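Just so you know, the numbering used here puts the end of the sequence shown at 569, numbered straight through with nothing missing. I have placed the structure first, in the form of structure tokens, so that the comments after it can refer back to it.
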Amino acid sequence: MEEKCCLCQEVSDITLKCQHKYCNECLLKLAKTILEENSDQPIKCEKCQIDVDKQILYNLFGGVNNYTYYVADQLKIVCQLCLSLKKSSNFVFLSCSHMFCILCFREYFFYKLDSCDFEAEGILCPECGETLSENFIECNFTSEILKNYKEILNKKYKLLKFKNKIFRWCKYCDSCNDFEDGETTITCITCKKVFCVRCKNDPHPFLNCDYIDEEKDIQRMINAQSSNDCINFFIDENTSKCPSCKNAVIKEKGCNFIRCPWEGCKVLFCTLCNNILTVILI
């Protein structure tokens with residue numbers, strides 16, 4: 288006669304030292320339920336409360352490493368940012384030994400990154416102030432985020448380096464350039480482009496920056512006017528104004544008589560003399 292599991296009454300796979308029998312599924316479910324409630328609590332037979340042998344548990348979980356990992360994963364930790372109790376698998380662990388839940392730490396990191404709210408040494412642990420390592424950021428965030436972080440760090444380092452100097456960012460390559468008081472132009476140390484110290488436009492000797500700005504405004508107006516002129520030329524060359532509703536009607540090849548397509552109008556007129564025609568049906 289086959290031995291049956293004391294819980295589900297199916298064929299048993301395991302006999303405990305207390306002689307109670309379990310199938311693999313029931314004993315694994317029992318072990319996980321106990322560990323999820325309290326990972327420090329020993330796993331006991333449900334019938335007699337005698338401890339289950341460790342080797343049986345190791346085999347049940349597929350090896351001692353899997354069992355140890357599962358037990359550690361059930362450990363509950365308080366996040367020092369949101370003060371919530373969460374599983375250890377939901378945490379990031381910093382080199383300074385402080386730990387924070389993944390959700391809170393990502394919000395903290397992205398807030399600092401987006402607002403550039405950190406010093407030249409980098410983003411710090413919110414608990415002790417130790418700098419996050421580049422390796423940690425590389426392992427926990429995308430390469431694009433790491434690249435963005437490095438660029439901001441580079442700028443902050445240069446700002447710190449030049450804090451007692453006058454500097455300008457190059458508008459062409461975003462490099463930081465320092466210059467002496469009284470200089471009017473800068474040659475970028477990286478891309479070698481030359482630009483005005485004050486307005487960052489191309490060098491304009493003997494002309495002040497306000498004049499250059501006004502000149503640019505005038506040029507923009509000329510460009511806008513030129514665009515309007517082109518539109519008006521197209522309208523003049525390719526359309527006729529309806530003598531009734533005054534809207535532009537595109538002239539097509541063929542007969543000079545056209546009907547206005549605009550709703551509420553529909554009059555027939557001549558594109559040569561622009562007079563409304565009366566249609567006489569014969």
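Glycine is no exception: its CB is placed at the ideal position from the N, C-alpha and C atoms. Just so it is clear, the structure is predicted and the values come from calculations on it, not from any experiment.
4-residue-minimum alpha helix (DSSP H) runs that sit fully inside the region 374-434, ordered along the chain
389-402, 421-427
According to the neighbour-count rule (16 or more other Cβ atoms, all chains shown, within 10 Å of its Cβ), is K437 buried or exposed?
exposed
Assumed close pair C612, E417 - CB separation to whole angstroms, cut-off 8 Å
Nothing can be reported for residue 612, as the shown portion of the chain is limited to 288 through 569.
Exposed or buried, what is Y398 when buried is set at 16 or more other beta-carbons lying within 10 Å of its beta-carbon?
exposed
Given N427 as reference, the closest of F482, K458, D404, F378 once Cα atoms are compared:
F378
Could you pull out every residue in the same chain whose Cβ sits closer than 7 Å to the Cβ of L568, ignoring the five residues on either side in sequence?
Residue confidence is low: L568 scores 45 on pLDDT, short of 50, so the model does not pin down where it sits. Its coordinate-derived value is still stated next. Taken in chain order, the list of residues that qualify is empty.
With distances taken between CB atoms, is the gap from E312 to S299 smaller than 7 Å?
no
Which of the three DSSP states, helix, strand or coil, is assigned to C285?
With the chain covering 288 to 569 only, the question about residue 285 has no answer from this structure.
With burial defined as no fewer than 16 other Cβ atoms inside 10 Å of the residue's Cβ, what is the status of K308: buried or exposed?
buried
Taking Cβ to Cβ, would you say I473 is nearer than 7 Å to R455?
yes
K528 - partner residues in DSSP beta bridges
A535
Go ahead and label I563 buried or exposed: buried means 16 or more other beta carbons lie within 10 angstroms of its beta carbon, across all protein chains shown.
exposed
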